[in-house]
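Novice: To start, I am sharing the structure in question, which I have written as structure tokens.
Protein chains: 2
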Amino acid sequence: MDFDFDQIDRIINARSVAIVGASSSPFKFGSLITTSQVQVGFEGPLYLINPKEEEIMGHKAYPDLRSLPETPDLVYLVVPAHRSMDILRECADIGVKGVILVAAGFREAGEEGGKLEAEALRLAADGGFRMIGPNCFGIYNPRNGLTLLPGYDFTKIPGDIAFISQSGGFSVHLAREGQSLGMRFSAVVSYGNAADLDEADFLRYFARDPQTSYIAGYLEGARDGRDFADALAEAAAAKPVILWKVGKGESSRRAVVSHTGSLAGSSDIWEALLRQCGAIEVSGIDETLDVLMALQKLGRKPGRRLLISGGGGGLGTYGADLAEDIGFEVPALDPASFERMQVALGRAGAVAGNPLDIGAPLIPLDEFEGAMREAAANPTTDVLIFDLALNFAYPLLGPEGLERAAAILIAAHADSGKPLVVVLYSRACDPDDLKYEETLRRMRHRMLEAGLAVFPSMPRAIRALERIN
Amino acid sequence: MDFDFDQIDRIINARSVAIVGASSSPFKFGSLITTSQVQVGFEGPLYLINPKEEEIMGHKAYPDLRSLPETPDLVYLVVPAHRSMDILRECADIGVKGVILVAAGFREAGEEGGKLEAEALRLAADGGFRMIGPNCFGIYNPRNGLTLLPGYDFTKIPGDIAFISQSGGFSVHLAREGQSLGMRFSAVVSYGNAADLDEADFLRYFARDPQTSYIAGYLEGARDGRDFADALAEAAAAKPVILWKVGKGESSRRAVVSHTGSLAGSSDIWEALLRQCGAIEVSGIDETLDVLMALQKLGRKPGRRLLISGGGGGLGTYGADLAEDIGFEVPALDPASFERMQVALGRAGAVAGNPLDIGAPLIPLDEFEGAMREAAANPTTDVLIFDLALNFAYPLLGPEGLERAAAILIAAHADSGKPLVVVLYSRACDPDDLKYEETLRRMRHRMLEAGLAVFPSMPRAIRALERIN
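Protein chains in written order, with this note's numbering: chain A, 73 to 541; chain B, 73 to 541.
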């Protein structure tokens, strides 16, 4: 069907929702999504439907859709595949306009499932409703309080990242870790088999959605290659689009078929397509998050001249190796900056330059402050990277000293206006000692709030920079 | 000088140590190493030398080497470069056989420093002692209680991994994180500029050391390419050797010179050399640790046929993508295993096969147990990989259920005798909630103890498998 913004918008920004198959029995999808949705709290009426129960988690249970006091904008359908058809007919009868079909057992499960999926599509077309799924986890939308399966701990603070995903698991993983990293979402859509609404629809929708500044996606295939390419080019012209495409090898293509019944297509064609359309290609949840982090904190194309600094000569050498391997520069300092940095450092063990080795895990903080100021202000610095092994600096500085170190980095960024990347990690991660992790998370939170990008390792930082440049 | 096992052994397994430049002033190397060494507790006599102090950290301070009651096996020299020459003469005078020169400011610092380094070498040759450094952090040896700078929290439980490193920082990072991951070391040597004892000496030493089963190294260059190649081939014939070589690009070579004064050499030559000599090339602390983990838990060449499993179809597809990209197989199950697995799973949402999608973060544990047993026993499985998003499974199973899941994985490994890899992570890492991290570390510890390999992400697991195959 043709793209229709309002149809999709009515699903994503639904004002009333019914869960058919809501349940209190553990280990069932119907129970998981009901628990999550009740916990998160949908902003409008939430109707729970199960003919065998009177009350579910403190909510009245309705026997069927027809018994509801109104026609809901959206029906979350979590009954098994073979029982879905009757409910879809009921949806059509009462004039529902949007359905999420959660169950598996459709096209991805073989011939019988394929027939069921075709039947569902026919019912949607005849009944005049649009459908997400089947074989999906649903929608997370912090604005109206819709949540994914089992996104019980998703914030209701909205943001400007949209994520669309054929995998339910990855939709939850990305949204959850993004949230921990301070990212906020306009919406996350797990769309599974894409029987009706597909990747092209969601790309077009989020390209137009004013709440969305970044679009990321996990794809196993595209139903219509040409239409997808058009939608992708259109979306990437409007805002940054980050895509993770799987199904490039033989058994991963086999896995794609049994996962979402998609046709994966060849690796080369996909890579060329994404490049031509202006999308950023990534691989994995971690890299998707890293690139989102880089785009949000550093902006698109922050420059290729890196100043790499930290405590120790090895890490500068290593960072420079990684950077140069992908065509970045680690240029010499401007002579005036170099001189001022030497004065600021003024001690054996620290080596002014680029890479900048401050000599110890962290030198006395006044010297550190001077060195960071010069490193950021130096005219050949496009992006300043500071590597901080937290467990290494902790015994010298304590948590208060580390807080001051964070403040120095934040000031270097604020005063110079230069993008600043912190590589922050602890190499001590014993089973019984969480103090470094606790301090690390607090520092990371503070630095992220102040507009610094924070990555857990130098390769991930450098790779993210490469992707956005 | 020619390789001499006993000379090096007398340094590494020293029975008495003097620290010249021991100090109580914070932020000085002399104080850091003294604190660490006193805290860790050297097994034999530890002499602290500083003419300006009477007592340091509860130990009597001696004014100079000549005042000691015996000639120590090893002298840790932490006075500045220009003041080292007098002490080296003193070492020669009293018959010291081993010296660690910690200070920077030698060859890596320019012409003046180069002259000092040449002078130190001449003093060592004339005085009949061997030298580690300059510009290094020293030695960690759990057997006699020597420790690195600032390895105050290093265990005294010995193991069978030797790590040699031109970077002091990386020597500490690798040893510290390795320790958290249950790895134990025969010794870690930070050797800096390699003025006297160099990479070839240490490779030969640890190749012969009966305590050492694995040798890992961080290199910026090699003093004598031919000698290094001989030593490497010899070591790699004796035991697995894992090398991380930096200094491949222009500014990283510049960084190498200012870090340890080494000649880095071209990237291609190094890669070919490492391959020909039978070493495993890696990049970064994380990858070095991953490969050590893989070697210790899975053995060399565990096989290229992977069974990839976890909760969700996406991760199997992604894992298969990564595996096939580097020439691994994700083969179909043996038909009999497939049938038994279908019976064990017996529920919608879970898909028997390879990749194996158990359908939810974790299904009821009896079904999980049956599926894992079949997956491990399946004849086309060389290595079983299970992906566990801890934060995803936690709300369903709680910490006790997760402990049982760990026991099921441990049993699948023990009963089948197949190598088992767990990809274990939490995607919820909020600043104020450490419960997942706590559970994760406890589970990881238990699984590592039971011989499973545990990695934090699928790409790192697959990459480590590739390196050892």
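Cβ atoms here follow ideal geometry from the backbone N, Cα and C, with glycine treated the same way.
Looking at the secondary structure, which residues open and close the beta strand (DSSP E) in which A/Y277 lies?
Specialist: Here A/Y277 belongs to no beta strand (DSSP E); instead the alpha helix (DSSP H) covers E271 to R280.
Novice: Can you grab the Cα-Cα spacing for the pair A/K317 / A/E292, in whole Å?
Specialist: Near 6 Å, if we compare the C-alpha coordinates of A/E292 and A/K317.
Novice: Would you say A/L315 reaches chain B, if we count a Cβ-Cβ gap shorter than 8 Å as a contact?
Specialist: Judged by the 8 Å Cβ criterion, A/L315 is not in contact with chain B.
Novice: Relative to chain B, which residues along the region 326–344 of chain A have a C-beta separation below 9 Å, given in chain order?
Specialist: Those residues of the region 326–344 of chain A that come within reach of chain B (Cβ to Cβ, closer than 9 Å) are R326, A327, V328, S330, H331, T332, A336 and S339.
Novice: Is B/K311 closer than 8 Å to B/Y286 when the C-beta atoms are compared?
Specialist: Yes, the pair counts as a contact, with Cβ atoms nearer than the cut-off.
Novice: For B/L379, which residues from the same chain have a beta carbon less than 6 Å from its beta carbon, with the 5 sequence-adjacent residues on both sides left out?
Specialist: Closer than 6 Å at Cβ, skipping near neighbours: N426, A447, T453 and L456.
Novice: Could you give the uninterrupted runs of the alpha helix (DSSP H) lying entirely in the region 462–503 of chain B, keeping only those of 4 residues or more?
Specialist: Within the region 462–503 of chain B, the complete alpha helix (DSSP H) runs of at least 4 residues are 462–488.
Novice: Answer yes if the region 484–491 of chain B comes into contact with the region 236–245 of chain A, meaning at least three C-beta pairs across the two stretches below 8 Å, and no otherwise.
Specialist: Judged by Cβ distances under 8 Å, the region 236–245 of chain A makes no contact with the region 484–491 of chain B, as fewer than three pairs qualify.
Novice: Of all the residues that make up the region 493–521 of chain B, which are near chain A by a beta-carbon distance shorter than 7 Å?
Specialist: Those would be R499, A500, C501, D502, P503, L506, E509, E510, R513, R514 and H517, in chain order.
Novice: Which class does B/R377 belong to by DSSP, given the choice of helix, strand or coil?
Specialist: In the structure shown, B/R377 sits in a strand (DSSP, three-state: E or B).
Novice: In angstroms with no decimal places, state the Cα-to-Cα distance between B/V313 and B/Y290.
Specialist: Going from the Cα of B/V313 to the Cα of B/Y290 covers about 11 Å.
Novice: Strictly below 8 Å CB to CB, what residues from chain B border A/L16?
Specialist: What the structure shows of chain A is the stretch from 73 to 541, and residue 16 of chain A is not part of that stretch, so it cannot be assessed.
Novice: Decide if B/V171 is buried, meaning its Cβ has at least 16 other Cβ atoms within 10 Å, or exposed.
Specialist: By the neighbour-count rule (16 or more Cβ atoms within 10 Å), B/V171 is buried.
Novice: Hey, quick one: how far does the alpha helix (DSSP H) through B/S103 stretch, first residue to last?
Specialist: Start and end: F101 to V112.
Novice: Mapping DSSP to helix, strand and coil, what is A/F235?
Specialist: It is a strand residue.
Novice: Nearest chain A C-beta to B/E411 closer than 8 Å, yes or no?
Specialist: No - not a single Cβ of chain A is within 8 Å of the one on B/E411.
Novice: Is B/M203 helix, strand or coil by DSSP?
Specialist: Strand at B/M203.
Novice: So is B/A484 in contact with chain A if we call contact Cβ pairs under 8 Å?
Specialist: Answer no: the Cβ-Cβ gap between B/A484 and chain A never drops below 8 Å.
Novice: Between which two residues does the beta strand (DSSP E) holding B/F527 run?
Specialist: First-last of the beta strand (DSSP E) with B/F527: A525 to F527.
Novice: Nearest-angstrom Cα distance between B/E401 and B/D393?
Specialist: B/E401 and B/D393: Cα-Cα distance of roughly 10 Å.
Novice: Helix, strand or coil: how does DSSP classify B/I139 here?
Specialist: Note that residue 139 of chain B corresponds to Ser in the displayed sequence, not to Ile. Three-state result, B/S139: helix.
Novice: From A/G386 to B/E189, what distance separates their C-alpha atoms?
Specialist: Approximately 20 Å, taken between the alpha carbons.
Novice: For a test of the three-state rule: what should DSSP assign to A/L220, helix, strand or coil?
Specialist: In the structure shown, A/L220 sits in coil (DSSP, three-state: anything other than H, G, I, E or B).
Novice: Output yes if chain A places a C-beta closer than 8 Å to the C-beta of B/N463; else output no.
Specialist: Yes, B/N463 lies at the interface with chain A (some Cβ there is under 8 Å from its Cβ).
Novice: Taking all protein chains shown into account, decide if A/R347 is buried (16 or more other Cβ within 10 angstroms of its Cβ) or exposed.
Specialist: Its Cβ having fewer than 16 others within 10 Å, A/R347 is exposed.
Novice: Taking buried to mean at least 16 other C-beta atoms within 10 Å of its own C-beta, is A/M73 buried or exposed?
Specialist: It counts as exposed.
Novice: Excluding sequence positions up to five away, which residues of its chain have a Cβ less than 8 Å from the Cβ of A/G102?
Specialist: Answer for A/G102: I91, G93, A94, S95, N122, V150 and V151, listed in chain order.
Novice: CB of B/D268 to nearest heavy atom of the ligand MN: below 7 Å?
Specialist: The model depicted lacks the ligand MN and carries no ligand whatsoever.
Novice: Comparing alpha-carbon positions, which option in A/L160, A/F209, A/E162 and A/Y119 lies nearest A/L104?
Specialist: Measuring from the Cα of A/L104, the nearest candidate turns out to be A/F209.
Novice: What is the residue span of the beta strand (DSSP E) that A/F257 lies within?
Specialist: Counting along the chain, the beta strand (DSSP E) containing A/F257 begins and ends at F257 to S262.
Novice: Have a look at A/V526 and A/R539 and give me their C-alpha separation to the nearest angstrom.
Specialist: Going from the Cα of A/V526 to the Cα of A/R539 covers about 16 Å.
Novice: Out of curiosity, what's the CA-to-CA distance linking A/A259 and A/L118?
Specialist: Straight-line Cα distance between these residues: approximately 19 Å.
Novice: For the region 74–85 of chain B and the region 498–517 of chain A, state whether three or more C-beta atom pairs, one from each stretch, are separated by less than 8 Å.
Specialist: Cβ pair count under 8 Å is below three, so no.
Novice: For a minimum of 3 consecutive residues, which ranges assigned as the beta strand (DSSP E) are wholly contained in the region 304–382 of chain A?
Specialist: Correct list: 313–317, 352–354 and 378–382.
Novice: For A/A392, would you say it is in contact with chain B, using Cβ-to-Cβ distances shorter than 8 Å as the test?
Specialist: Closer than 8 Å: yes.
Novice: Output needed for B/G442: all residues of its chain with C-beta closer than 7 Å, excluding positions within five of it in sequence on either side, in chain order.
Specialist: Counting only Cβ-Cβ distances below 7 Å, and skipping sequence neighbours, we find A416.
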